[in-house]
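Count the sequence shown with numbering that gives the first Met the number 0 and you get residues 0 to 71, in order.
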Amino acid sequence: MSHAIALNNYLQAQQKLNLLTIEESCAGPSHAVTWTVTYRLDGEALGTGSGPQKWQAKDAAAKEALQKLNQS
0 MSHAIALNNY
10 LQAQQKLNLL
20 TIEESCAGPS
30 HAVTWTVTYR
40 LDGEALGTGS
50 GPQKWQAKDA
60 AAKEALQKLN
70 QS
């Protein structure tokens, strides 16, 4: 299971999924794009990830967000 799905399931169980926002951006030349994704919960940044493909950036950001949520 991807970290993005795990994050979605976690927030859904906590009834906080509606507070989640995702910011996506890309930079660089078209042959070497770097995606950056940030997950925010009620405006607070939970996790940011980067990668050459959007799914990789989302997964890295979700992993960081899950780690932060599990520490609280």
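Beta carbons: idealized from backbone N, C-alpha and C, even for Gly.
Whose C-beta lies closer than 6 Å to the C-beta of residue i among residues of the same chain, with five residues either side of it excluded?
i, result
"T47", "T37 and A60"
"L6", "A61, A64 and L65"
Alpha carbon to alpha carbon, what distance is there between residue j and residue i?
i, j, result
"A31", "Q13", "38 Å"
"L18", "G27", "30 Å"
"I4", "Q55", "13 Å"
"K81", "N69", "Residue 81 lies beyond the residue range present for the chain, which begins at 0 and ends at 71; the question has no answer from this structure."
"K15", "N8", "10 Å"
Does residue i pass the burial test, meaning 16 or more other C-beta atoms within 10 Å, or should it be called exposed?
i, result
"D58", "buried"
"A64", "buried"
"W34", "buried"
Quickly, what does DSSP pair residue i with across the bridge? List them, please.
i, result
"G42", "Partner(s): none; G42 has no beta bridge."
Counting only the same chain and skipping the five closest in sequence on each side, list residues whose C-beta sits under 8 Å from that of residue i.
i, result
"A51", "Correcting the residue identity first, residue 51 is Pro in this sequence and not Ala. Taken in chain order, the residues that qualify are A31, V32, T33 and W34."
"K140", "Since the first residue of the chain shown is 0 and the last is 71, residue 140 is not available in this structure."
"K53", "E23, C25, W34 and V36"
Measure from the C-beta of residue i to each C-beta in chain D and report whether the shortest distance is under 8 Å.
i, result
"L65", "In the structure shown, chain D does not exist; there is a single protein chain."
Leaving aside the five residues before and after residue i along the sequence, list all residues of the same chain whose C-beta is less than 7 Å from its C-beta, in chain order.
i, result
"I21", "V36 and Y38"
"D40", "Rather than Asp, the amino acid found at residue 40 in this sequence is Leu. Closer than 7 Å at the Cβ level, and outside the excluded window around L40, lie K15, L18 and L19."
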